[in-house]
Amino acid sequence: MRARVSLASDGRSSGFAQRLFTPLPERYDRLAEWLSFGQNGRWRSEMVGHALAGAPELVLDVATGPAGVARQLARRGQGRVVGLDVTSSMLEAASRLVAADGLEERITLVRASGEALPFKDDSFDALTFTYLLRYVPDPEAVLGELVRVVRPGGVMASLEFAVPEAAHWRAAWWCYTRLVLPVAGAATGGRQWYDVGRFLGPSISGHYRRFPVSWTKAAWERAGMDSVEARTMSLGGGLVMWGRKAGG
Ligand SMILES: C[S@@+](CC[C@H](N)C(=O)[O-])C[C@H]1O[C@@H](n2cnc3c(N)ncnc32)[C@H](O)[C@@H]1O
Numbered sequence: 003m004r005a006r007v008s009l010a011s012d013g014r015s016s017g018f019a020q021r022l023f024t025p026l027p028e029r030y031d032r033l034a035e036w037l038s039f040g041q042n043g044r045w046r047s048e049m050v051g052h053a054l055a056g057a058p059e060l061v062l063d064v065a066t067g068p069a070g071v072a073r074q075l076a077r078r079g080q081g082r083v084v085g086l087d088v089t090s091s092m093l094e095a096a097s098r099l100v101a102a103d104g105l106e107e108r109i110t111l112v113r114a115s116g117e118a119l120p121f122k123d124d125s126f127d128a129l130t131f132t133y134l135l136r137y138v139p140d141p142e143a144v145l146g147e148l149v150r151v152v153r154p155g156g157v158m159a160s161l162e163f164a165v166p167e168a169a170h171w172r173a174a175w176w177c178y179t180r181l182v183l184p185v186a187g188a189a190t191g192g193r194q195w196y197d198v199g200r201f202l203g204p205s206i207s208g209h210y211r212r213f214p215v216s217w218t219k220a221a222w223e224r225a226g227m228d229s230v231e232a233r234t235m236s237l238g239g240g241l242v243m244w245g246r247k248a249g250g
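Pasting the structure below:
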């Protein structure tokens with residue numbers, strides 16, 4: 003049994019993200035936990051708590067992958083959830099997991115890109131996105147597109163990896179991401195997870211060199227969000243950001 007996936011458009015979607023993620027869904031949730039020392043679950047739970055603060059009736063989860071966030075939003079909240087992703091195999095895994103949790107009536111899956119959402123302005127009470135901004139060429143434009151579909155007063159919350167600020171933790175993080183992660187990825191998930199392990203550290207460092215956290219916070223505000231707050235977690239390795247759309 004599977005939940006239905008509707009195909010909207012993948013017009014401007016990133017071919018790189020689709021190539022990277024297509025082979026990963028089967029073991030994604032388990033390996034994401036192992037490779038983050040179990041921290042991914044804590045970060046996700048914090049983000050979901052912010053998104054559900056206003057008891058939203060309709061939530062959009064962008065870059066939903068195998069729908070781990072979307073399923074948690076449905077389980078902890080009362081409303082309906084739309085999980086959106088650009089990678090078909092991720093949505094196929096999401097569909098199986100949504101059905102296994104008996105959440106087909108509450109979660110709809112849509113294949114589309116976060117760069118061009120197939121929804122009208124102000125459609126959602128809340129929006130979440132996880133590990134998305136490193137995969138899009140123009141994060142500022144994507145933030146504008148995400149905020150567009152949130153209703154005034156609605157919450158947007160995100161989760162991203164981050165680079166620890168304290169020099170000693172940053173050095174430990176560098177060693178972990180450059181040396182341990184590729185080997186641990188290969189040992190637990192084979193060649194594909196070795197590639198992910200090698201890609202992740204430089205991708206995170208490169209992203210924050212171009213778009214520091216202060217830039218990201220300001221970009222949320224430029225996109226129309228108020229009261230934007232950020233919390234770094236796990237010694238600076240995870241970053242949860244949240245705010246409300248102006249005008250509510
Ligand atoms: C690291 S996974 C995170 C999955 C999920 N959010 C989670 O935390 O379990 C990143 C996801 O972003 C999706 N993605 C990348 N670029 C995207 C885009 N432009 N629009 C929508 N999804 C995208 C990938 O297909 C992948 O499923």
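Take 3 as the starting number for the sequence shown in the numbering used here and just add one per residue.
Cβ coordinates follow ideal geometry from the N, Cα and C atoms, glycine included.
Just so it is clear, the structure is predicted and the values come from calculations on it, not from any experiment.
Those residues which DSSP pairs with residue i across a bridge
{"i": "W244", "result": "A159 and E231"}
{"i": "A128", "result": "V61 and V157"}
{"i": "L86", "result": "V64 and V112"}
Classification of residue i by the beta-carbon crowding that lies within 10 angstroms, buried from 16 upward
{"i": "R21", "result": "exposed"}
{"i": "A96", "result": "buried"}
{"i": "D87", "result": "buried"}
{"i": "T2", "result": "The structure shown does not extend to residue 2, since the chain is modelled only from 3 to 250, so the question has no answer here."}
{"i": "K247", "result": "buried"}
{"i": "H170", "result": "exposed"}
{"i": "W244", "result": "buried"}
{"i": "G250", "result": "exposed"}
{"i": "P214", "result": "exposed"}
{"i": "A76", "result": "buried"}
{"i": "D63", "result": "buried"}
{"i": "G13", "result": "Because the pLDDT at G13 is just 41, under 50, the model does not fix this residue reliably, and the value given afterwards should be weighed accordingly. G13 is exposed by the Cβ-count criterion."}
{"i": "F126", "result": "buried"}
{"i": "E117", "result": "buried"}
{"i": "S15", "result": "Its pLDDT being 48, under 50, S15 is placed unreliably by the model, and nothing is read from it."}
{"i": "L241", "result": "buried"}
{"i": "G187", "result": "buried"}
{"i": "A19", "result": "buried"}
{"i": "E231", "result": "exposed"}
Residue i (DSSP reduced to helix, strand or coil)
{"i": "A168", "result": "coil"}
{"i": "G226", "result": "coil"}
{"i": "S11", "result": "Low local confidence applies: a pLDDT of 41 at S11 is under 50, so the model's placement there is unreliable, with the coordinate-based value given in what follows. The answer is strand: DSSP assigns S11 an E or B state."}
{"i": "T110", "result": "strand"}
{"i": "V152", "result": "strand"}
{"i": "D140", "result": "coil"}
{"i": "S205", "result": "helix"}
{"i": "T24", "result": "coil"}
{"i": "P214", "result": "coil"}
{"i": "E117", "result": "coil"}
{"i": "G239", "result": "coil"}
{"i": "A19", "result": "helix"}
{"i": "Q80", "result": "coil"}
{"i": "D103", "result": "coil"}
{"i": "A55", "result": "coil"}
{"i": "K219", "result": "helix"}
{"i": "D197", "result": "helix"}
{"i": "G70", "result": "helix"}
{"i": "Y30", "result": "helix"}
{"i": "Y133", "result": "coil"}
{"i": "S38", "result": "coil"}
{"i": "G250", "result": "coil"}
{"i": "G254", "result": "One cannot answer for residue 254 here, as it falls past the ends of the chain, which runs 3 to 250."}
Assumed close pair residue i, residue j - CB separation to whole angstroms, cut-off 8 Å
{"i": "Q41", "j": "G239", "result": "6 Å"}
{"i": "L84", "j": "V112", "result": "Correcting the residue identity first, residue 84 is Val in this sequence and not Leu. With 8 Å as the limit, V84 and V112 qualify as a contact, their Cβ atoms being about 6 Å apart."}
{"i": "A128", "j": "A53", "result": "5 Å"}
{"i": "L251", "j": "L181", "result": "One cannot answer for residue 251 here, as it falls past the ends of the chain, which runs 3 to 250."}
{"i": "M49", "j": "G67", "result": "With a Cβ gap of about 14 Å, M49 and G67 do not count as contacting."}
{"i": "R44", "j": "M235", "result": "7 Å"}
{"i": "R82", "j": "E59", "result": "7 Å"}
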